[in-house]
Ligand code: ADP
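In full-length UniProt numbering, the protein residues as written are 1 to 286.
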């Protein structure tokens with residue numbers, strides 16, 4: 001199996017790991033930690049690593065399908081608007097076979113969702129055995145936008161960090177590897193990306209006038225992200241802090257996080273549950 005390409009000096013899973021005491025305000029969103037290549041190296045490397053990821057994903061799927069393996073992976077993408085969540089979905093997860101991917105984006109809760117506990121819609125979207133689940137936003141919105149916008153009382157959102165940790169522990173114990181990615185874009189880069197969306201009719205659909213209102217609350221969001229990282233970075237479901245001003249870097253980094261998670265599962269191709277020789281002979285005569 002392919003090792004980490006040598007353009008990486010440090011594995012993203014260690015160099016991007018959130019460590020107690022790290023400050024969100026210190027994050028350099030334009031940095032490329034652990035990577036000694038540059039943008040010109042990205043396309044070929046991304047293609048090569050996508051293929052490695054796709055192979056592992058197929059193996060995960062095959063085990064879930066035929067070998068009774070109940071395990072799964074859950075990629076949690078959290079970040080401010082324009083951080084590039086959609087690009088990760090398209091350019092990284094997009095390399096996988098859609099058969100084995102369960103993608104869900106979480107927007108403002110519907111009336112039905114609001115009538116339930118906030119984890120209800122999350123539980124309904126968990127990946128089945130052998131699948132990679134992708135959360136484009138997640139249960140963390142319930143301690144991010146909900147906290148910043150005072151959508152519930154502080155004692156209500158305040159109790160959610162422990163509850164989220166317990167929930168994630170339950171998932172991990174049941175065989176789900178959780179890959180949590182906090183995507184950080186700088187305010188300057190966000191402004192450029194928002195402006196760029198207004199320059200191109202094919203990008204209007206991505207522009208939401210409400211995004212500017214969230215942008216005004218940048219310091220409050222930073223505080224809320226800090227609390228998320230401080231309180232929900234566990235040994236069983238750790239956070240990775242990914243600088244996202246350079247899309248090519250964030251995509252390469254998340255690809256490596258997924259490859260690492262899959263490799264740690266020690267997968268192999270499921271053996272035949274039939275007599276291969278006998279079946280060859282039967283096919284010959286068919
Ligand atoms: P995106 O902006 O990612 O393209 P959408 O337009 O569908 O996606 O909606 C995302 C919006 O939904 C964001 O503003 C986000 O803060 C909000 N949202 C997500 N979850 C919740 C929640 N639990 N409570 C309130 N708002 C939420």
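Built from N, CA and C at the ideal position, the CB exists for glycine as well.
Residues of its chain near residue i, where Cβ-Cβ distance is below 7 Å and the 5 sequence neighbours each way are ignored
i	result
residue 237	168, 172, 178 and 180
residue 160	142 and 143
residue 105	136 and 137
residue 267	56, 59, 60 and 63
residue 253	12, 16 and 242
The ligand MG heavy atom lying under 7 Å from the CB of residue i
i	result
residue 208	Here the bound small molecules are the ligand ADP; the ligand MG is not part of this structure.
Selection from the options that minimises the alpha carbon distance to residue i
i	options	result
residue 234	93, 89, 278 and 18	18
residue 68	277, 269 and 283	269
residue 25	263, 243 and 286	243
residue 151	9, 108 and 193	108
residue 261	280, 60 and 204	60
residue 30	185, 98, 271 and 23	185
residue 15	43, 33 and 22	33
residue 189	111, 277 and 28	28
residue 20	276, 231 and 249	231
residue 176	286, 265 and 11	265
residue 81	209, 272 and 271	209
residue 40	281, 246, 276 and 282	246
residue 149	92, 100, 192 and 214	214
residue 158	227, 271 and 129	227
Cβ-based neighbour list, residue i, same chain, cut-off 6 Å, excluding 5 preceding and 5 following
i	result
residue 102	127, 131 and 133
residue 122	139
residue 50	95
residue 2	In this prediction, residue 2 scores a pLDDT of 48, lower than 50, which makes its location untrustworthy; the coordinate-derived value is nonetheless stated afterwards. Taken in chain order, the residues that qualify are 52.
residue 239	18, 180, 182, 229 and 233
residue 203	197
residue 274	none
residue 85	77, 79 and 136
residue 10	34
residue 211	81
Pairwise C-alpha distance: residue j and residue i
i	j	result
residue 72	residue 257	15 Å
residue 119	residue 78	16 Å
residue 115	residue 217	27 Å
residue 7	residue 37	6 Å
residue 137	residue 66	31 Å
residue 90	residue 222	26 Å
residue 220	residue 182	16 Å
residue 196	residue 88	19 Å
residue 57	residue 206	29 Å
residue 55	residue 156	43 Å
residue 163	residue 125	18 Å
residue 287	residue 229	Lying outside 1 to 286, the shown extent of the chain, residue 287 is not represented and no answer is given.
residue 153	residue 75	29 Å
residue 42	residue 174	36 Å
residue 248	residue 279	46 Å
residue 45	residue 224	34 Å
residue 146	residue 277	60 Å
residue 250	residue 200	23 Å
residue 272	residue 283	15 Å
residue 70	residue 166	20 Å
residue 23	residue 187	16 Å
residue 191	residue 93	26 Å
Which of helix, strand or coil DSSP assigns to residue i
i	result
residue 68	coil
residue 32	coil
residue 183	strand
residue 160	helix
residue 167	helix
residue 135	strand
residue 104	strand
residue 95	helix
residue 210	helix
residue 152	coil
residue 234	coil
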